[in-house]
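Scroll down for the structure; my scribbles are underneath it.
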Amino acid sequence: MTVTAQAVWTGFHVGQAFTLNTLYWFTRDLRLHDNAALLAASKSDMLLCAYVVDPRWFQPGPLQSKAMGDHRWRFLWQSLITLERNLRALGQRLHIAYGKPEDVIPALVHNHKVNRVIRSRQPGTREAGQWQVIQDTLPDTLFQEFETLGLFTESSLPMSLEDLPDSFSKFRKLIEKSGERGASVLRIRTLTALPPA
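full-length UniProt numbering numbers the first residue of the sequence shown as 1 and each following residue consecutively.
Right, here's the structure in full:
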């Protein structure tokens, strides 16, 4: 899939063609189905699927508790193995790296000649800070985030965030009044294949 640069980035010469090499960074959203971020990443010439295990998860925090306990780690590891198996069925692999995302993602981008990084938007401030550091490290790379972790995206709400009601009942009534919120647009097709790694 050769894409005209103008279609993806501004600032490039009109008509300049390039190969779209994408790194899809799996974070909390490990599903293949109904995943708008992965669907966007699948529209690439080359796709590298990656998951980064951050060593800081296993270190005691300010209250001496770890972000990742033994049971949670076992569950996550089993989920990653299942994800790897499902990706292989689609002709892909899952690259699991151990290290700080601020170091690992730029290294993967350089080693695999990636020009676009996609992930699901993360709600935490630490995750947002990591994302910003990675973007600052790779100024010539396109970064895209998709809202995939909730039932509603900000753009699908029938009101602005400032106008959100104070109670769930009021919110529910507004949502019910607005109809199906463009159900055909919100349905994400199921992936049947992915570009090569």
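From the three backbone atoms N, C-alpha and C, an ideal C-beta is built for every residue, glycine too.
- For P60, DSSP records a beta bridge to K66.
- DSSP places Q122 in the coil class of the three-state scheme, outside both helix and strand.
- Residue pairing by DSSP places Q144 opposite I118 in a beta bridge.
- In the structure shown, T27 adopts coil according to DSSP, grouped into three states.
- With a contact defined as Cβ atoms closer than 8 Å, R119 and A37 qualify at about 6 Å.
- Rounded to whole angstroms, the gap between the alpha carbons of D34 and T148 is 8 Å.
- If you draw a straight line from the Cα of Q144 to the Cα of R56, it comes to about 25 Å.
- Separation of S44 and L80 (C-alpha to C-alpha, rounded to the nearest whole angstrom) is 23 Å.
- Just measuring C-alpha positions, the residue of A128, N86, L48 and R93 sitting nearest R31 is N86.
- Between the alpha carbons of M46 and H112 lies a gap of roughly 9 Å.
- When DSSP reads this structure, I96 sits in a beta bridge with Y51.
- Residues E102 of the same chain have their beta carbon placed closer than 6 Å to that of V133, with the five preceding and five following residues left out of the count.
- Beta-bridge pairing by DSSP links M46 to N21.
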